[in-house]
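Same order as they appear, the protein sequences are chains A and B. So the first sequence is numbered by the numbering used here: it starts at 236 and just counts up by one. So the second sequence is numbered by the numbering used here: it starts at 2 and just counts up by one.
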Amino acid sequence: MIDFFNLAVQYLPELFLTALKYTLPLTAISFFFGLIFASLTALVRVAKLPQNEWAAALLQIVKWIANAYVWFFRSTPLIVQLFIVFYGLPNAHIALFQSAWVSAITVFSLNTGAYASETIRASISSVPEVQKQAAESLGMTRAQVYLYVVLPQAARISIPPLSNSLIGLLKDTSLASVITIVEIFYLSQQIAAANYKVLSMYILVAMVYAFFTSILSIGQHYLEKYTSRFAQ
Amino acid sequence: MIQVKNLSKHYPDKVALEDINLTFPADHTTAIVGPSGSGKSTLLRSLNLLDRPDTGTLQIDQLILDLAKPLTNGQILQIRQKTAMVFQEKALFTHLTVLKNLTEGPIKVQKKSKEEAESSAKELLKQFNMTELANRYPYQLSGGQQQRVAILRALAMSPKYLLLDEPTSALDPELEAQVLRVLKELAKKEVSMVIVTHNMSFAEQVADQVVFIDDGHVGYAGPTDGFFHSNEKRIKQFLGAMSF
Numbered sequence: 236m237i238d239f240f241n242l243a244v245q246y247l248p249e250l251f252l253t254a255l256k257y258t259l260p261l262t263a264i265s266f267f268f269g270l271i272f273a274s275l276t277a278l279v280r281v282a283k284l285p286q287n288e289w290a291a292a293l294l295q296i297v298k299w300i301a302n303a304y305v306w307f308f309r310s311t312p313l314i315v316q317l318f319i320v321f322y323g324l325p326n327a328h329i330a331l332f333q334s335a336w337v338s339a340i341t342v343f344s345l346n347t348g349a350y351a352s353e354t355i356r357a358s359i360s361s362v363p364e365v366q367k368q369a370a371e372s373l374g375m376t377r378a379q380v381y382l383y384v385v386l387p388q389a390a391r392i393s394i395p396p397l398s399n400s401l402i403g404l405l406k407d408t409s410l411a412s413v414i415t416i417v418e419i420f421y422l423s424q425q426i427a428a429a430n431y432k433v434l435s436m437y438i439l440v441a442m443v444y445a446f447f448t449s450i451l452s453i454g455q456h457y458l459e460k461y462t463s464r465f466a467q
Numbered sequence: 002m003i004q005v006k007n008l009s010k011h012y013p014d015k016v017a018l019e020d021i022n023l024t025f026p027a028d029h030t031t032a033i034v035g036p037s038g039s040g041k042s043t044l045l046r047s048l049n050l051l052d053r054p055d056t057g058t059l060q061i062d063q064l065i066l067d068l069a070k071p072l073t074n075g076q077i078l079q080i081r082q083k084t085a086m087v088f089q090e091k092a093l094f095t096h097l098t099v100l101k102n103l104t105e106g107p108i109k110v111q112k113k114s115k116e117e118a119e120s121s122a123k124e125l126l127k128q129f130n131m132t133e134l135a136n137r138y139p140y141q142l143s144g145g146q147q148q149r150v151a152i153l154r155a156l157a158m159s160p161k162y163l164l165l166d167e168p169t170s171a172l173d174p175e176l177e178a179q180v181l182r183v184l185k186e187l188a189k190k191e192v193s194m195v196i197v198t199h200n201m202s203f204a205e206q207v208a209d210q211v212v213f214i215d216d217g218h219v220g221y222a223g224p225t226d227g228f229f230h231s232n233e234k235r236i237k238q239f240l241g242a243m244s245f
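Structure (structure tokens):
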């Protein structure tokens, strides 16, 4: 026990520092872009086809692309996606993402975006149709109906599932270790390989993950409380 | 005046409305009555284009639209600025307080300033003795209060015509009475109203004219008295079925 305590004092600062330098930025940047992909995908998937034939055909194609995107990222493992982008594409001379960072952020944000788009789509659909009609009957345009009536309500509904996605993403950044990013899990492996304190090092890194995900859970709690003021 | 001519709407498996010709005069109250599923709600919703008829013309004051042609957003907006709709239930914006429900349209659509919209909303609330509800959210209101707020939200847009789609059908009788009292007051002020209702005694007391829709057709359109004392077999049958 004293041994563990000493290891904690010795390595926790380094683990926290690495989390601040790698794990948290990877999570935050990927989640930011993930939400953008998710919102765009969700809006495309709920959009009704317009009357104009050409516009309808174009939207239909975009819908197919959106569906294919969600399908691909939900039906393949994250680690395989990382390998395809970081090792596979350069190997085929498609050197779009030579940087491990860019590869990681690309894959994490597209992956999170695919899951979150389903969340956002469901939240949008859960806003009662009659409220949309009421907004339209006030003279709002389709865009105004979404901006002022649908999205504020959908946002509240989507907070718990999106928080899940964010917490999942933070933990998944440990997979960045497989594409050479020395984030906290990789770091703990390196230290354990040197000092043979395998169990202690993995418990320490688990504690660091739990620390940050707990902060996110607390944040979720307050956000839910704030946004639930208009519902029972 | 709202006027529809040769208005028809067909669903793949059913005719909702067939060759409807009607006039809804300004400053009058028209009650649309008829059996469930007869097309009366579709007719009302066609008047502000929430439902789009296949053919026919819709005229509101000077604006005449050919409904068989695609409509521009501008035309739809013009129609909606002259009309305001009150729905059966649960149409208030649940994320906004009563006051904000009343100011959302004036601010976002009519581009009024927040101060101006709020002061007229407060004036409306005061006029209908609902000032104390201003800062509540819809879930904190009774069904009757919700419907009265929905009526005020429509009035806050200063529409020329108020359209109401069975505004009391989801309410208990005593709550219904609260709402009907408000409507009766409005009718006295010569607000132009078109109301779809199941409440025959309300229609008889308040409406200046009655439109009876039966199976997608106009079964009667004329003075209220004439409808309730009609010798027409189908009308007698309908009125008989509505009482007990």
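Glycine included, every Cβ here is placed at the ideal spot set by N, Cα and C. On a predicted model such as this, the values are computed, not experimentally measured, just so you know.
Three-state secondary structure assigned by DSSP to Y162/B: strand
Local conformation of I329/A per DSSP, three classes: DSSP places I329/A in coil when its eight states are reduced to three.
Sequence-distant residues of its chain with Cβ nearer than 7 angstroms to D20/B (five each side left out): Excluding residues within five positions, the ones whose Cβ falls inside 7 angstroms are N7, S9.
7 angstroms CB neighbourhood of E191/B in its chain, flanking five on each side removed: So the qualifying residues of the chain are D28.
The region 167-179 of chain B contacting the region 127-141 of chain B, beta-carbon criterion three pairs below 8 angstroms: no
Cα-Cα separation, A370/A to M158/B: 12 angstroms
Residues that A85/B contacts on chain A, provided the C-beta gap is smaller than 8 angstroms: Within chain A, the residues S372, L373 have their CB atoms less than 8 angstroms from the CB of A85/B, given in chain order.
Those residues which DSSP pairs with Y138/B across a bridge: Answer is none; Y138/B lacks a bridge partner.
Spatial distance of L434/A from Q425/A (CA atoms): 13 angstroms
Closer than 9 angstroms at the beta carbon, the chain B residues around Q379/A: For Q379/A, the C-beta contacts it makes with chain B under 9 angstroms involve K109, V110, in order along the chain.
Boundaries of the beta strand (DSSP E) in which V384/A is found, first to last residue: From DSSP, V384/A is part of no beta strand (DSSP E); its letter is neither H nor E.
Q82/B at chain A interface by Cβ criterion, 8 angstroms: yes
Cβ-based neighbour list, L270/A, same chain, cut-off 7 angstroms, excluding 5 preceding and 5 following: Same-chain partners within the cutoff: A351.
Contact set between E1/B and chain A, taken where Cβ atoms lie within less than 9 angstroms: A question about residue 1/B goes unanswered here, because the residues of chain B that appear run from 2 up to 245.
Cβ-based burial, N215/A [other Cβ within 10 Å; buried from 16]: The first residue shown for chain A is 236 and the last is 467, placing residue 215/A beyond what the model contains.
Neighbour list for P363/A in chain B, Cβ cutoff strictly below 7 angstroms: K91
Contact set between Q286/A and chain B, taken where Cβ atoms lie within less than 9 angstroms: Around Q286/A, the beta-carbon contacts reaching into chain B at under 9 angstroms are P71.
Test item: CB-CB of Q368/A and F94/B under 8 angstroms: no
Any C-beta of chain A under 8 angstroms from that of F94/B: yes
Contact with chain A by N136/B, beta-carbon distance below 8 angstroms: no
Residue-chain proximity (P395/A, chain B), Cβ-Cβ < 8 angstroms: no
Cβ contact check for the region 408-420 of chain A and the region 382-398 of chain A: 3 or more pairs under 8 angstroms: no
Any chain B beta carbon closer than 8 angstroms to P387/A: Residue contact with chain B for P387/A: present (Cβ-Cβ distance below 8 angstroms to some residue of chain B).
Segments of 4+ residues assigned as alpha helix (DSSP H) that fall wholly inside the region 23-59 of chain B: 41-48
Residue from F203/B, L164/B, K161/B with nearest C-alpha to P174/B: Here the closest residue by C-alpha is F203/B.
Contact with chain A by L44/B, beta-carbon distance below 8 angstroms: No, L44/B does not count as interfacial toward chain A.
Three-state class that DSSP yields for V212/B in the structure shown: strand
Check whether R81/B and S372/A have beta carbons under 8 angstroms apart: It is a contact, given that the beta carbons lie within the stated cut-off.
Outcome for M236/A when other beta-carbon atoms lying within 10 angstroms are tallied against a minimum of 16: exposed
Per DSSP, cross-strand counterpart(s) of A85/B: L163/B
Among A69/B, L48/B, L103/B, nearest to L78/B - alpha-carbon criterion: The shortest C-alpha separation from L78/B is found at L48/B.
Cβ pair count under 8 angstroms reaching 3, the region 236-250 of chain A against the region 301-313 of chain A: Fewer than three beta-carbon pairs drawn from the region 236-250 of chain A and the region 301-313 of chain A are found closer than 8 angstroms, and the two stretches are therefore not classed as touching.
Selection from A273/A, A428/A, A327/A, V380/A that minimises the alpha carbon distance to E353/A: Comparing Cα-Cα distances from E353/A to each of A273/A, A428/A, A327/A, V380/A, the minimum goes to A273/A.
Candidates V5/B, T30/B, F229/B, of which the one nearest L18/B by Cα: The residue from V5/B, T30/B, F229/B with its alpha-carbon nearest to that of L18/B is V5/B.
Closer than 8 angstroms to chain A by CB, M158/B: yes
First and last residue of the uninterrupted beta strand (DSSP E) at K10/B: 3-12
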